């Protein structure tokens, strides 16, 4: 998903269908959809979850295919092996480590 630069396509699709949740899956990665509404991430890459539930503005209805897209208050989660996402509550449960590590500068 990320290696093929498909984020823009997913964002456009979600802007056009704000009642949906977008999911992008990297190579060598899968999303295990469970009956209780949970998604568990498995594999080497990441799964991107795009949640438009709190979007306050988008110009999607007025723009053409080659026009710039504007979206405000869009939530994006990038999840890796062991992380879980609840489709019903739209919340993340971290996998093995819930420690936030700041990036090196």
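Numbering (this note's numbering), first residue to last: 99 to 203. Glycine included, C-beta positions come from ideal geometry on N, C-alpha and C. None of the values given here were measured: they were computed from a predicted structure.
query: How many angstroms separate the CA atom of residue 108 from the CA atom of residue 183?
result: 18 angstroms
Beta strand (DSSP E) segments (min. 3 residues) lying fully within the region 116–193: 120–123, 127–131, 136–141, 144–149, 173–178, 182–184 and 189–191
message: Whole angstroms are fine: how far does the CA of residue 179 sit from the CA of residue 145?
response: 9 angstroms
Residue 106 versus residue 158 - alpha carbon distance: 13 angstroms
task: Compute the Euclidean distance between the alpha carbons of residue 127 and residue 139, then round it to the nearest angstrom.
output: 7 angstroms
- prompt: Does the beta-carbon distance from residue 169 to residue 156 come in below 8 angstroms?
  reply: yes
task: To the nearest angstrom, report how far apart residue 99 and residue 191 are at their CA atoms.
output: 22 angstroms
message: Just to check my reading of the structure: residue 148 and residue 171 have Cβ atoms closer than 8 angstroms, yes? What is that Cβ distance to the nearest angstrom?
response: Going by Cβ atoms, the distance from residue 148 to residue 171 rounds to 12 angstroms, so no, they are not a contact pair.
field: Boundaries of the alpha helix (DSSP H) in which residue 107 is found, first to last residue
entry: 105–114
- request: Would you mind giving the Cβ-Cβ distance between residue 112 and residue 120, rounded to the nearest angstrom? I have them listed as a contact below 8 angstroms.
  value: 4 angstroms
Residue 135 versus residue 185: straight-line alpha-carbon distance, rounded: 5 angstroms
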